[in-house]
Structure formats: C-alpha cells, structure tokens
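When you line the sequence shown up against this note's numbering, it's residues 124 to 227, in that order. Yeah, the Cβ is synthetic: ideal placement off N, Cα and C, and Gly gets one too. This report concerns only the one structure given below.
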Amino acid sequence: ASLNISMAHICSSLEKMHRGTVSTLDAVFKDIGEKVLPLLVRVLSRIENENPSHVEVEAIGNVVKVLCYFSQGDASRFAIANQKGLLRLVIKVAQAATADIDQV
C-alpha cells in the first residue's frame, strides 16, 4: 500500500522539529528515539517498492535527514547502528539516489 499523505506530513514535521543542537537531539532521542526508530525504518522500507510515489520519496528523504540529525548525538548512535534492517535500507536509499543522479 502507498504511504499516505498524513504519514508524509508527519515525517516532514519530524525532520523540521529535529533541527537543533547536539545536546537537544540527545535529549529528544533519550525521550522518544527508541520508540520512533522502528517507525522510521518502516518508512524507509518504502524504498523497496518497485516505483515509490513522490510522497514516499519525500518521506524517505525526511527520514534520512532525521536519522542524520540523531546520529550526531552520542545517545543515539548505538541504537541507530543496532536497528535491525536499517543499514540495508540506507544502502538502498543511497543506491536509488545515485541511480537518479546517473539518469540526469
């Protein structure tokens, strides 16, 4: 099933909310990070769709940004690195982005 617009808006909001200092990101991750990581991985898994929709691609981009923000903090690195399936999905996102660049 396609990712709905509401979920894409949530991903966009999460990305905007997590632009901050490393200490703020550490505090936020300690509060909600462990709970939100599996949801972020589920959104990233949309990259495995044959032809992800524009909404899915946008949501995936926002999730990657949130993960980048979180990975700046000491509290989150271990949890992110140990999130099952995340590395495989990040590699797929990078490959898809590279393929898009090559087509231009």
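Using DSSP with H/G/I as helix, E/B as strand and the rest coil, what is residue i?
i, result
"Gln195", "coil"
"Gln218", "helix"
"Glu173", "coil"
"Thr147", "helix"
"His141", "coil"
"Asn205", "coil"
"Asn127", "coil"
Would you call the CB atoms of residue i and residue j closer than 8 Å?
i, j, result
"Glu157", "Val189", "no"
"Ala131", "Glu181", "yes"
"Ala202", "Leu160", "yes"
Is any heavy atom of the ligand MG found at a distance shorter than 7 Å from the C-beta of residue i?
i, result
"Gly156", "Here there are no bound small molecules, and the ligand MG is not part of this structure."
If residue i and residue j are in contact, beta carbons under 8 Å, what's the gap, nearest whole angstrom?
i, j, result
"Ile133", "Val178", "That pair is no contact at about 12 Å."
"Lys215", "Glu171", "7 Å"
"Asn185", "Ser135", "5 Å"
At the 8 Å Cβ level, is residue i part of the contact set with chain D, yes or no?
i, result
"Ile203", "Of the chains in the structure shown, none is chain D; there is only one protein chain."
Does residue i pass the burial test, meaning 16 or more other C-beta atoms within 10 Å, or should it be called exposed?
i, result
"Ser199", "buried"
"Leu210", "exposed"
"Gly196", "buried"
"Asn205", "exposed"
"Ile155", "exposed"
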